[in-house]
Amino acid sequence: MSEMLGIGVVGAGAIATRIMAHLRLPDAAEKVRLAAVCDPVPGRAAAAAAKYGAAASYESYEQLLRDPNVDLVTICSPIGLHYEQGVMAIEAGKHVHSNKTMATKVSEADDLIRRATSRNVRIVASPGVMIQQETRRKRKLCLEGALGQLSWAIAGTAMGSGTYHLNEEVRTGNDLLSNVNPGWYFRRPGGGPMYDATVYPLHELTGIVGPAKHVTALSGIGIPEHMFGSERIVTEMDDSTILLIDFGNAFHGVVYATIAGSITEWTPNIYGTRGAIIGSKFGDEVLKREGDRTPHVTGGHFGLREAHVYEDIMQLVDWVLEGVPSVANAEHARHVIDIIESGYRAAETGCTQELVTTFEPLPLSELQNNI
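Oh and the sequence shown: position 108 is 108 in the working numbering, straight run, nothing missing.
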């Protein structure tokens with residue numbers, strides 16, 4: 001393999017086009033070249049390739065995987081396709097970056113990890129929230145006992161209404177790159193705000209305080225249908241879910257995905273007997289600081305959307321080229337998938353679910369410098 005990797009972008013919708021805007025910048029091109037993009041909508045991949053400078057475009061994912069210039073893929077398709085497409089990439093010998101979530105079931109995540117290990121293929125799974133300096137400061141405070149004994153936490157999003165996805169600029173235009181249908185967001189499998197949005201605060205909360213042990217939940221559909229232009233979209237996936245998570249030692253978390261009423265603005269509040277992290281503050285200390293950066297988000301990347309996803313991709317590139325594993329690992333992603341899947345099962349059965357996965361959170365020794 002050469003010292004520059006070829007990346008294949010799977011899908012040419014909202015996330016994919018924003019990622020390609022990063023990948024065409026000169027600093028990205030020092031390590032990775034935009035080798036190909038695929039999308040099943042006729043003409044969409046070709047339009048994206050022309051706009052962002054991809055070397056090839058395909059309407060078939062299988063064609064992209066056969067391209068010898070593609071060394072790794074970033075999976076930007078609807079969430080319900082991520083597992084199958086991840087398996088196909090691994091079996092083709094391609095390294096994988098998966099946008100959240102990399103699967104919808106623990107059994108699927110287990111299979112991806114097993115296959116990747118067997119094939120000596122690397123997986124980085126978004127969102128890599130523990131790359132962020134702010135989040136690492138929060139974990140350091142908890143590990144050093146600054147909050148005292150942890151009591152409870154709350155985190156979540158109010159993305160269940162679907163308004164954001166229905167009105168994104170890539171949905172409301174009249175060309176191939178700006179009329180992308182959001183219907184997948186309301187369908188099974190993989191639709192709904194838990195897998196798409198609340199996955200972020202779940203990654204952050206577990207990254208800060210460590211893996212959970214049990215979950216129970218209430219869940220349902222609050223808005224039964226939506227209109228996208230003249231198309232009526234029936235809501236199949238729950239849009240209103242409240243999880244109650246047991247982390248052990250009488251420390252509990254409330255995590256929500258609702259149609260209205262966000263309390264925490266994506267980042268968790270964590271309360272202890274000596275203090276609390278409220279959003280980005282610990283008392284008077286501001287934890288999100290001017291000058292905070294991740295290793296690859298510099299220069300022109302700051303003004304572009306989905307910079308955190310670009311960082312996750314470059315974490316994979318570094319892992320492949322330099323042998324440096326990423327904290328945005330598949331094991332953490334699997335644990336969050338376990339919480340979501342088990343939460344839905346708890347809501348359906350009325351019974352608290354024991355989680356079957358875990359992961360290794362960052363130790364204090366890795367949090368002492370550069371935060």
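Just so it is clear, CB atoms sit at the ideal spot from N, CA and C, and this is done for glycine as well.
Within this structure, are the beta carbons of R44 and L176 separated by less than 9 Å?
yes
Hey, quick one: how far does the beta strand (DSSP E) through S151 stretch, first residue to last?
150-157
Looking at the structure shown, is H226 part of a helix, part of a strand, or coil, going by DSSP?
strand
So, for H226: in the same chain, excluding its five sequence neighbours on each side, which residues have a beta-carbon less than 6 Å away from its beta-carbon?
G162, I233
Give me the Cβ distance between V121 and V96, rounded to the nearest whole Å; I'm assuming they're in contact under 8 Å.
7 Å
Evaluate the contact criterion for the segment 66-84 versus the segment 24-40: three or more CB pairs, one atom per stretch, below 8 Å.
yes
Taking 8 Å as the threshold, find out whether the segment 209-216 comes into contact with the segment 259-266 through three or more Cβ pairs.
no
Roughly how many angstroms lie between the CA atoms of R115 and I90, to the nearest whole one?
7 Å
Going straight from the alpha carbon of P363 to that of A328, what length do you get?
15 Å
Could you check the C-alpha separation between E348 and G53 for me, to the nearest Å?
47 Å
For H301 and H22, what's the separation of their Cα atoms in angstroms?
6 Å
Which stretch, first to last residue, makes up the alpha helix (DSSP H) that contains H214?
Unbroken run through H214 is the beta strand (DSSP E), 214-220; no alpha helix (DSSP H).
According to DSSP, what are the bridge partners of H95?
L72
Along the alpha helix (DSSP H) that carries C38, what are the first and last residues, could you check?
Note, C38: premise wrong, no alpha helix (DSSP H); beta strand (DSSP E) at 32-38.
Pair within 9 Å by beta-carbon distance, A28 and Y310
yes
Kindly list the residues whose CB is nearer than 7 Å to the CB of P182, restricted to its own chain and excluding five residues on each side of it in sequence; keep chain order.
H165, L166, R171, F228
Report, in whole angstroms, the separation of the C-beta atoms of F359 and P211, which I expect to be a contact under 8 Å.
6 Å
Quick check for students: name the residue ranges of the alpha helix (DSSP H) that lie wholly in the segment 167-209, counting only runs of 4 or more.
199-209
With H, G and I counted as helix, E and B as strand and the rest as coil, what does DSSP make of V124?
strand
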